[in-house]
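A.B. asks: Chains as they are written, first to last, in my numbering: chain A, 63 to 376; chain B, 442 to 919. C-beta atoms are modelled at their ideal positions from N, C-alpha and C, and glycine is treated no differently. Please read all numbers here as calculations on a predicted model, not as lab measurements. Supplied in structure tokens, the structure appears directly below.
Next comes the structure, spelled out in structure tokens:
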């Protein structure tokens, strides 16, 4: 008789610890490695190459990065995107918080108004851009038609000849138009703020009221600190989103970004370099610079947040 | 064993495995519409709608005409970008529908097989087949068959990189009724810039408040050719050596002339008026809606008329030129062409070439031209071509296609970037924020930098080897 135990009593083969977990996440893991990590690393290599997609990459060292420094269009899109981010993120944050506070009160038809605020963010961006193109139309647009009576009254009183601006046709008005349009999708942030507002303990408001704190004071000293982690989250997401703005200006202004490239953003120029211009290496360098900028801004926001953000559990 | 209320590892894996198996066995299947035993070709084309349908008919005719090859037609947006990725990834279609102006970028990168090489390899085999099967007396790629400018249009640096499928010649389109209204003769369109300016001025109408109601002409409608105006003054954007000549005196003269239009109307008023223009393929197209009386356009506008405003009384003529270079026998016009190419890595080059040759038959080319409302790329058209054509000015368009002074978009691989510079500066010229001379000088400087960089990169990569030396070769050819 051999020394092997009968089959029924053989010890079960054990998988190494964590193997089953890895097995379960393997579809995601494979997807991440193949479709995310590998392209990211390849783009780093391409950024150091002369690569047109149709031709194999040719090592070029830091040439793409050096050329960026001397490219006036690069600086133009960098400036445009920075201005857009600097205005859109604070503006949308303030307006979203204000709307959320309004919708958090006991107004009539509260659920209806909440849906109204959220609905536009469900609309596909390209469709929204088409609608906004007509709103901004210099001759027949809704915006100028609404301004006409006001400007007519001003012109009548002062003898001036003021007209509604050519929103998307004038380099001066393109950026304000795009900023205005960006507020269209504010509903997402409002919903998040509403959730955060609902989480602020009533007792704090009651205590503040007993102490005679005004409504503004309650907002400043209770509401804002309590929702500050959510504000931080939205600001970071907003900064990242603003640096990636593409679809709306591309649809509304065309690939050249409108008059004087006044609505030409970083990602649009990156895309143009990658495909229409056949400069994937240069576009990859732009993408890495963009990543560094976004990381730096996120890091800066996180550092600054230590002074402004209050974590209840901490 | 699965115990009630508890999911074991084994049962979870079992469920996952069973789901995967069920998906593999019962999941969606690709549509198999290909007859067995045929060589299947994938053909990517940019056309949709009516234009796509016209090419589908040709594809169907080809598929039905023989029993060896089957072409599958795919309509794609952003075809150049998708083709770039597919070719680079080694899995391109067998046939690719590109515009002729994509040749410099694709050919320089070795992404297309030279059509001459395919012709040399397969002509001997295919010419008798075409004679017997389709009754073609001569070979379809004979030079004499094509309008000379079209023959040149599909060639770049000494080789053909595609075969024409359809072509367009751009011309001045105008509303006959409006022209008649202001006391001009709709049968005598302006021939020179001076005559054109007079007509445009008379055709421009304002209402009692001074608001522009109809513009005689707006250079930025449809806005596809901001770079074109110098050509009507004898200019060009590349000199013989391939350097940028954007700031040449002829171009400066042309753009100074262009600036007189917003100057007369007032730039802000002009911009506001333009913003009310509808899209090209709509009833709001400015010529159809009466917002403009004249515009530079392609022959395909006739199909827009047919769809949205049948019976619209229009006519077309060669675009007027500066008086000093006017020559009625040699009109100046932009030509563009849709082409069929064989990309690098094509799996069935012989069969792809057979299909392309099929499209070069008079019947296919004229059928496509008619359905696209475009002129024929052939030197001579058949007797019934004009009679059945939807564009009433097709004879004039055919004349433009054969004109020795017809021109193409500048042939450089950096043209998209060069054009982008033009579009940007055109905005500043159009609303009079800069002078034509300043803007064109800036364009030239920037474009030259882009051209020089591309040349430097090409030299580094190919060490000065000629394009044809490094072009991809057919397997088995020398």
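For a contact defined as C-beta to C-beta under 8 Å, what are the partners of residue 186 of chain A on chain B?
C.D. replies: Indexing the first chain from 1 puts residue 186 of chain A at position 124. Ordered by position in chain B, no residue passes the 8 Å Cβ test against residue 186 of chain A, which lies about 16 Å from the chain.
A.B. asks: Using a cut-off of 8 Å between C-beta atoms, extract the partners of residue 547 of chain B located in chain A.
C.D. replies: Position 106 of the second chain, counted from the start, is the residue given in the question as residue 547 of chain B. Near residue 547 of chain B (Cβ distances below 8 Å), the residues of chain A are 116.
A.B. asks: Please say whether residue 691 of chain B and residue 671 of chain B have beta carbons closer to each other than 7 Å?
C.D. replies: In the second chain, residue 671 of chain B corresponds to position 230, counting from 1. In the second chain, residue 691 of chain B corresponds to position 250, counting from 1. Yes, the pair counts as a contact, with Cβ atoms nearer than the cut-off.
A.B. asks: Going by DSSP, what residues sit across from residue 200 of chain A in a beta bridge?
C.D. replies: For this step, residue 200 of chain A is matched to residue 138 along the first chain. None, per the DSSP bridge assignment.
A.B. asks: Using CA atoms only, rank isn't needed, just tell me which of B:795, B:905, B:587 and B:590 is closest to residue 408 of chain B.
C.D. replies: Nothing can be reported for residue 408 of chain B, as the shown portion of chain B is limited to 442 through 919.
A.B. asks: Going by DSSP, what residue range makes up the alpha helix (DSSP H) through residue 782 of chain B?
C.D. replies: Against the second chain, residue 782 of chain B aligns to sequence position 341. That residue, residue 782 of chain B, is in no alpha helix (DSSP H); its beta strand (DSSP E) goes 774-782.
A.B. asks: If you run the structure through DSSP and keep just helix, strand and coil, what is residue 443 of chain B?
C.D. replies: Taking the second chain and counting its residues from 1, the one referred to as residue 443 of chain B is at position 2. Caution is warranted here: a pLDDT of 45 is assigned to residue 443 of chain B, below 50, making its placement in the model unreliable, and the coordinate value is therefore given only provisionally. Of the three classes helix, strand and coil, the one that applies to residue 443 of chain B here is coil, per DSSP.
A.B. asks: Quick check on residue 712 of chain B - is its C-beta less than 7 Å from some C-beta in chain A?
C.D. replies: Looking up residue 712 of chain B in the second chain gives position 271. It does; some Cβ of chain A falls within 7 Å.
A.B. asks: Taking the C-alpha atoms as reference points, what is the distance between residue 443 of chain B and residue 452 of chain B?
C.D. replies: Here the question's residue 443 of chain B lines up with position 2 in the second chain. Here the question's residue 452 of chain B lines up with position 11 in the second chain. Note on residue 443 of chain B: pLDDT 45, under 50, position unreliable in the model; no value is reported.
A.B. asks: Quick check: is the beta carbon of residue 312 of chain A nearer than 7 Å to any beta carbon in chain B?
C.D. replies: By 1-based counting over the first chain, the position of residue 312 of chain A is 250. Not one chain B Cβ lies under 7 Å of residue 312 of chain A.
A.B. asks: What residues of chain B sit near residue 232 of chain A, judged by a beta carbon separation below 9 Å?
C.D. replies: Your numbering for residue 232 of chain A matches position 170 in the first chain. Residues of chain B passing the Cβ test: 709, 712 and 872.
A.B. asks: Give every residue of the same chain whose Cβ lies closer than 7 Å to the Cβ of residue 588 of chain B, excluding the five residues on either side of it in the sequence, and list them in chain order.
C.D. replies: Numbered from its first residue, the second chain carries residue 588 of chain B at position 147. Cβ within range, chain order: 818, 819, 820, 842 and 843.
A.B. asks: Is there a Cβ from chain B that is less than 7 Å from the Cβ of residue 211 of chain A?
C.D. replies: By 1-based counting over the first chain, the position of residue 211 of chain A is 149. With 7 Å as the cut-off, residue 211 of chain A does not count as an interface residue toward chain B.
A.B. asks: Starting from residue 127 of chain A, find everything on chain B with Cβ-Cβ shorter than 9 Å and list it in chain order.
C.D. replies: Numbered from 1 along the first chain, position 65 holds the residue referred to as residue 127 of chain A. The premise fails here: residue 127 of chain A is roughly 15 Å from chain B at the closest Cβ pair, so nothing lies under 9 Å.
A.B. asks: Could one say the Cβ of residue 78 of chain A lies closer than 7 Å to chain B's Cβ atoms, at least one of them?
C.D. replies: Working through the first chain from its first residue, we reach residue 78 of chain A at position 16. No - not a single Cβ of chain B is within 7 Å of the one on residue 78 of chain A.
A.B. asks: Is the Cβ-Cβ distance between residue 581 of chain B and residue 801 of chain B less than 7 Å?
C.D. replies: Stepping through the second chain from its first residue, residue 581 of chain B is reached at position 140. Stepping through the second chain from its first residue, residue 801 of chain B is reached at position 360. Cβ distance < 7 Å, so residue 581 of chain B and residue 801 of chain B count as in contact.
A.B. asks: Could you list the residues in the segment 711-744 of chain B with a C-beta less than 8 Å from some C-beta on chain A, going in chain order?
C.D. replies: Within the segment 711-744 of chain B, the qualifying residues are 712, 713, 714, 715, 716 and 717.
A.B. asks: Which of helix, strand or coil does DSSP assign to residue 787 of chain B?
C.D. replies: As a position in the second chain, residue 787 of chain B is number 346, starting the count at 1. Coil.
A.B. asks: Bridge partners of residue 597 of chain B, per DSSP?
C.D. replies: For the purposes of this step, residue 597 of chain B is taken as the residue at position 156 of the second chain. BP columns for residue 597 of chain B point to B:600.
A.B. asks: Mind checking the segment 322-343 of chain A against chain B and listing, in chain order, the residues whose C-beta falls within less than 8 Å of any C-beta there?
C.D. replies: Listed by position along the chain: 322, 323, 334, 337, 338, 339 and 340.
A.B. asks: By how many angstroms is the C-alpha of residue 158 of chain A removed from the C-alpha of residue 255 of chain A?
C.D. replies: Here residue 255 of chain A refers to the residue found at position 193 of the first chain. Here residue 158 of chain A refers to the residue found at position 96 of the first chain. Cα to Cα, the separation comes out at about 8 Å.
A.B. asks: Which one or two residues does DSSP pair with residue 647 of chain B in a beta bridge?
C.D. replies: Here residue 647 of chain B refers to the residue found at position 206 when the second chain is read from its first residue. The partner list for residue 647 of chain B (beta bridge, DSSP) reads B:653.
A.B. asks: So the beta strand (DSSP E) residue 838 of chain B belongs to, where does it begin and stop?
C.D. replies: To locate residue 838 of chain B, count along the second chain from 1; it is residue 397. Element bounds for residue 838 of chain B: not the beta strand (DSSP E) but the alpha helix (DSSP H), 835-842.
A.B. asks: If distances are taken between C-alpha atoms only, which option among B:793, B:760, B:908 and B:681 comes closest to residue 635 of chain B?
C.D. replies: Taking the second chain and counting its residues from 1, one reaches residue 635 of chain B at position 194. Of B:793, B:760, B:908 and B:681, the residue nearest in Cα terms is B:760.
A.B. asks: Could you tell me which chain B residues have their CB closer than 8 Å to the CB of residue 62 of chain A, listed as they occur along the chain?
C.D. replies: Because chain A in this structure spans residues 63 to 376, residue 62 of chain A falls outside the shown range and cannot be described.
A.B. asks: Which residues bound the alpha helix (DSSP H) around residue 314 of chain A?
C.D. replies: The count along the first chain starts at 1 and reaches residue 314 of chain A at position 252. First-last of the alpha helix (DSSP H) with residue 314 of chain A: 309-315.
A.B. asks: For residue 738 of chain B, write down the residues that DSSP places opposite it in a beta bridge.
C.D. replies: Counting from 1 along the second chain, the entry for residue 738 of chain B is found at position 297. According to DSSP, residue 738 of chain B bridges with B:612.
A.B. asks: Where do the N-terminal and C-terminal ends of the beta strand (DSSP E) with residue 482 of chain B fall, by residue?
C.D. replies: Walking along the second chain from the start, residue 482 of chain B turns up at place 41. Per DSSP, residue 482 of chain B belongs to the beta strand (DSSP E) from 480-486.
A.B. asks: Give the residues of chain B in contact with residue 112 of chain A, contact being defined as C-beta atoms less than 9 Å apart.
C.D. replies: The residue you call residue 112 of chain A lines up with position 50 of the first chain. Chain B residues near residue 112 of chain A: 898, 901 and 902.
A.B. asks: By the three-class DSSP mapping on this structure, what secondary structure does residue 701 of chain B have?
C.D. replies: Here residue 701 of chain B corresponds to residue number 260 of the second chain, with the count starting at 1. Three-state DSSP puts residue 701 of chain B in a helix.
A.B. asks: Quick one: is residue 553 of chain B near chain A, going by C-beta distance under 7 Å?
C.D. replies: By 1-based counting over the second chain, the position of residue 553 of chain B is 112. False, the Cβ-Cβ gap to chain A never drops below 7 Å.
A.B. asks: Helix, strand or coil: which one does DSSP assign to residue 450 of chain B?
C.D. replies: Residue mapping note: residue 450 of chain B aligns to position 9 of the second chain, counting from 1. Here residue 450 of chain B sits in helix by DSSP.
A.B. asks: Considering just the uninterrupted stretch of the alpha helix (DSSP H) at residue 82 of chain A, what are its terminal residues?
C.D. replies: Translated into positions along the first chain, residue 82 of chain A becomes position 20. Run containing residue 82 of chain A: 81-94, per the alpha helix (DSSP H) assignment.
A.B. asks: Could you name the residues that DSSP lists as bridge partners for residue 755 of chain B?
C.D. replies: Indexing the second chain from 1 puts residue 755 of chain B at position 314. BP columns for residue 755 of chain B point to B:616.
A.B. asks: Between which residues of its own chain and residue 306 of chain A is the CB-CB distance below 7 Å, once the five residues before and five after are set aside?
C.D. replies: Your numbering for residue 306 of chain A matches position 244 in the first chain. Around residue 306 of chain A: 329.
A.B. asks: Indicate whether the contact test is met: 3 or more Cβ pairs, each with one atom in the segment 498-517 of chain B and one in the segment 470-490 of chain B, closer than 8 Å.
C.D. replies: As far as the Cβ criterion goes, the segment 498-517 of chain B touches the segment 470-490 of chain B, which means the pair count is three or higher.
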